[in-house]
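For reference, the structure discussed in these notes is given below.
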Amino acid sequence: MFRNLNVPDHLTYVEWFTPFANRPQANHGMYKVSRAFRDGEREASIVPVRNIRRSIHLMLKFGPVAPQEWTTSNVLDRCSTFFVNTFTDRDAYVTLF
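Taking the numbering used here, the leading residue of the sequence shown gets 169, the next gets one more, and so forth.
Right, dumping it as structure tokens:
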């Protein structure tokens, strides 16, 4: 039935974030991002793994104290704003060591 369909071997689920601003935040040099929404729902896609170039390190944005209800199991769902850590490159570490 689908013999001529070229389906990738490996797929992944990706949740999208807002685009970077023209400049990073002045006080620490990192870019602020938030979850992207469409029609009130998180914007997400299923994409071929081969289309992913690299991962990034997200740091939570919160006030003087992190909310106590945040746990390692729910923090990515409860936090709405993050900073992209531009000071670490995990892919470079793999190639160096």
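The beta-carbon is built from N, C-alpha and C at its ideal position, and this holds for glycine as well.
Residue i, buried or exposed, once every other Cβ within 10 Å from all chains shown has been counted against 16
i      : result
Tyr181 : exposed
Val201 : buried
Close beta carbons around residue i, own chain, < 8 Å, minus the five adjacent residues each side
i      : result
Leu179 : Ile214, Val215, Pro216 and Val217
Contact under 7 Å by Cβ, residue i with residue j
i      : j      : result
Met227 : Phe255 : no
Same chain only: Cβ atoms within 6 Å of residue i, ignoring 5 sequence neighbours per side
i      : result
Asp204 : One point to set straight first is that residue 204 is Ala, not Asp, in the sequence displayed. Closer than 6 Å at Cβ, skipping near neighbours: Trp184, Phe185, Thr186 and Glu211.
Same chain, Cβ closer than 7 Å to residue i, five either side skipped, listed in chain order
i      : result
Gly197 : Thr254
Gly231 : none
Gln236 : none
Proximity test, residue i beta-carbon vs the ligand HEM heavy atom, cut-off 6 Å
i      : result
Asp207 : The model depicted lacks the ligand HEM and carries no ligand whatsoever.
Item to check | Contiguous alpha helix (DSSP H) assignments of at least 4 residues, all confined to the stretch 195-253 | outcome: 243-246
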